[in-house]
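Q:
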Amino acid sequence: MARHSVQQSRVGGLLLPALVAALFFAGPVLGAEELAFNHTLGGVDWPYIPGLNASLCGTGTMQSPLNIIPGNTTTASTLTALNLSYATNVSLLNVTNEGDVVELVISSGNNSVKLPPSIYSTTNGSGLVLQQFHFHTPSEHMFDGIFYAAEMHFVHKDSVTGQQAVVAVLLKLDPTDTRNPDLDKFLPFTPNNYTGVQQAPANSTLNLTNLFPSNSSYWYYNGSLTTPPCTQNVLWLIFQNPLTFSVSQLLTLEVANAGGDGARADNRLVQLLNSRTVSVFRG
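Residue numbers (mature numbering (1 follows the signal peptide of the UniProt record, and there is no 0)): -31 to -1, 1 to 252.
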């Protein structure tokens, strides 16, 4: 992936509202008539799209994603390793092209994550339940101003309180262009058309635990959803060590994204840290 500086990526975030509105109303922003928003402007236009109810995307002070500077993070002694409880033989995988992301909804197995008590505890002691996972290309979070090739988001929710937590896994291109065998369980069946759904063969099973790095180190901060309505108080946990995949696997994701609005990228511009702290757990 080409390397981009933070200054380049923040240009869109500093546009005046009037200029953004002018860009929006000057012509059609939506590339697919069914899709209410896209990433053509990196999300700068979302607060101004009629009927989207995305004002928080422009006014929120705890927004995601961030440019994480590892040297400026805080080591928190209260953090512990994430307790991931995922099925090892998920079958009947439905791969959906949502127009803005490639998404998989896992309906089988008891898939959840227990967070360190210092971050969040459920009322019944169980974990936050996995709702779905999806991809962004390139990565939404930056690290010292650098993107990774892609980023997976595992979205979890407390069924009682509604608290959301996103566990993120970074993806980088393998230096020998070796395919990731676990991604191959479902990526080849990704629909190129918006709202398309395709099912992997019934005999194709996925070990969800293989989609996480073996090293348990992660960054943690309190942020938001990275798509409208940009809801805040979302707990973010980002594994530090990336997985690898091939160029052709990256292209599969980019082609699927282009089917929505013609843009291969579906990452929101990085947001201001403001008064927040990014904590780190070193496993």
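For every residue, glycine included, the Cβ atom is placed at its ideal position computed from N, Cα and C.
Under 6 Å Cβ to Cβ from residue 254, same chain only, skipping five residues before and after it: list those, please.
A: This structure gives no information on residue 254, because the portion of the chain shown stretches from -31 to 252.
Q: How about residue 96 and residue 74: are their beta carbons less than 8 Å apart?
A: On the sequence shown, residue 96 is found 127 positions in, with the first residue counted as 1. On the sequence shown, residue 74 is found 105 positions in, with the first residue counted as 1. In this structure, residue 74 does not lie closer than 8 Å to residue 96 by Cβ.
Q: Tell me which same chain residues have a C-beta within less than 6 Å of the C-beta of residue 124, skipping the five on either side of it?
A: Mapped onto the sequence shown, residue 124 falls at position 155. Contacts found: 100, 101 and 135.
Q: Nearest-angstrom Cα distance between residue 104 and residue 54?
A: Stepping through the sequence shown from its first residue, residue 104 is reached at position 135. Stepping through the sequence shown from its first residue, residue 54 is reached at position 85. Going from the Cα of residue 104 to the Cα of residue 54 covers about 20 Å.
Q: Rank 213, 8, 59 and 34 by C-alpha distance to the C-alpha of residue 170 and give the top, closest one.
A: The residue labelled residue 170 in the question sits at position 201 within the sequence shown. The candidate whose alpha carbon is nearest that of residue 170 is 59.
Q: To which residues does DSSP link residue 115 through a beta bridge?
A: As a first step, residue 115 is located in the sequence shown; it is residue number 146 there, counting from the start. 112, per the DSSP bridge assignment.
Q: With DSSP as the reference, label residue 223 as helix, strand or coil.
A: For this step, residue 223 is matched to residue 254 along the sequence shown. Helix, per DSSP.
Q: Classify residue 192 as helix, strand or coil using the three-state DSSP reduction.
A: Along the sequence shown, read from residue 1 onward, the residue named residue 192 stands at position 223. Reduced to three states, the DSSP call for residue 192 is strand.
Q: So, is residue 194 buried or exposed, given that buried needs 16 or more other C-beta atoms within 10 angstroms?
A: Your numbering for residue 194 matches position 225 in the sequence shown. Label assigned to residue 194: buried.
Q: Would you list, in sequence order, the uninterrupted beta strand (DSSP E) runs of no fewer than 3 residues that lie entirely inside the region 17 to 90?
A: With a minimum length of 3 residues, the continuous beta strand (DSSP E) runs that stay inside the region 17 to 90 are 52 to 54, 63 to 66, 71 to 74 and 81 to 83.
Q: If you run the structure through DSSP and keep just helix, strand and coil, what is residue 330?
A: In the structure as shown, the chain begins at -31 and stops at 252. Residue 330 is therefore absent and cannot be evaluated.
Q: Can you tell which of 115, 42 and 92 has the C-alpha that lies nearest to the C-alpha of residue 248?
A: Start at 1 with the first residue of the sequence shown, and residue 248 comes out as number 279. Checking every option, the nearest Cα to that of residue 248 belongs to 42.
Q: What is the rounded straight-line gap between the Cα of residue 157 and the Cα of residue 244?
A: The residue you call residue 157 lines up with position 188 of the sequence shown. The residue you call residue 244 lines up with position 275 of the sequence shown. Cα-Cα distance, rounded: 42 Å.
Q: Are residue 252 and residue 32 closer than 8 Å when you measure CB to CB?
A: Within the sequence shown, the letter at position 283 stands for residue 252. Within the sequence shown, the letter at position 63 stands for residue 32. Contact flag unset, no.
Q: Does DSSP put residue 248 in a helix, a strand or coil?
A: Position 279 of the sequence shown, counted from the first residue, corresponds to residue 248. Of the three classes helix, strand and coil, the one that applies to residue 248 here is strand, per DSSP.
Q: Select from 142, 117, 210 and 238 the residue whose C-alpha is nearest the C-alpha of residue 188.
A: Taking the sequence shown and counting its residues from 1, one reaches residue 188 at position 219. When only C-alpha atoms are compared, the closest one is 210.
Q: What does a CB cutoff of less than 6 Å around residue 150 pick up in its chain, not counting 5 residues either side in sequence?
A: Along the sequence shown, read from residue 1 onward, the residue named residue 150 stands at position 181. Contacts found: none.
Q: In this structure, how does DSSP classify residue 129 when only helix, strand and coil are distinguished?
A: Locating residue 129 in the sequence shown gives position 160, counting from the first residue. Coil at residue 129, not helix or strand.
Q: Mind checking which residues open and close the beta strand (DSSP E) that includes residue 103?
A: Reading the sequence shown from its first residue, position 134 is the one you call residue 103. Looking at the DSSP string, the run of the beta strand (DSSP E) that includes residue 103 is 97 to 105.
Q: By the three-class DSSP mapping on this structure, what secondary structure does residue 186 have?
A: Taking the first residue of the sequence shown as position 1, residue 186 is located at position 217. Here residue 186 sits in coil by DSSP.
Q: If I measure Cβ to Cβ from residue 36 and keep anything under 7 Å in the same chain, skipping five residues before and after, which residues do I get?
A: Reading the sequence shown from its first residue, position 67 is the one you call residue 36. Excluding positions up to five away in sequence, the list reads -26, 111, 114 and 239.
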